[in-house]
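Residue numbers (my numbering): 54 to 197.
Everything on this sheet refers to the single structure shown next.
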């Protein structure tokens, strides 16, 4: 796999994350909207402090993800560890946000993004792509 192919995978992951985050707003579904209202009614309201803390935590997650993706695009060696740790460190996001209702299309995009993230993790640790992160002057695969 060339550097260009790997970069295309990382950019595709970024685009899928963006699209999966906004697809339900761009193409609203009445059933999803009703289920979201119902799930919101079941959960207790957050105080302003909790909402600010969660929003700040989510902002940190977004900045961290963008930074690690930039590192992967530029083949920084430390970006591999940063990308891996991001999955571990930010796992509590799933516990803080509560019930999440999305359309079938939105969920399919989220699942595709998760699979692509796993592929990227496998490539940066268990394939010849890992050599791109350690060698700065030569191309280990013999291709541009």
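Ideal Cβ placement from N, Cα and C applies to all residues, glycine included.
C-alpha distance - residue 141 paired with residue 101, whole-angstrom precision: 27 Å
Indicate the three-state DSSP secondary structure (helix, strand or coil) for residue 124 in the structure shown. Annotated three-state conformation of residue 124 is helix, per DSSP.
Between residue 83 and residue 155, what straight-line distance do the alpha-carbon atoms span, to the nearest angstrom? 11 Å
Restricting to Cα atoms, I'd like to know which of 60, 177, 95 is closest to residue 135. Nearest to residue 135 by C-alpha distance, out of 60, 177, 95, is 177.
Thinking residue 186 and residue 143 are a contact (beta carbons under 8 Å), I'd like their distance in whole angstroms, please. Going by Cβ atoms, the distance from residue 186 to residue 143 rounds to 22 Å, so no, they are not a contact pair.
If we count the other Cβ atoms within 10 Å of its Cβ and call it buried at 16 or more, is residue 68 buried or exposed? exposed
How big is the Cα-Cα spacing for residue 58 and residue 158? 26 Å
On a Cα-Cα basis, can you pick out the residue from 105, 126, 166, 167 that is closest to residue 150? 105
Let's test the definition: count the other Cβ atoms within 10 Å of the Cβ of residue 179 and tell me whether it reaches 16, buried, or not, exposed. exposed
Near residue 152, what residues of its chain come up, given a Cβ to Cβ distance below 6 Å and the 5 sequence neighbours on each side ignored? 92
Sort 110, 56, 79 by Cα distance to residue 147 and report the nearest one. The candidate whose alpha carbon is nearest that of residue 147 is 110.
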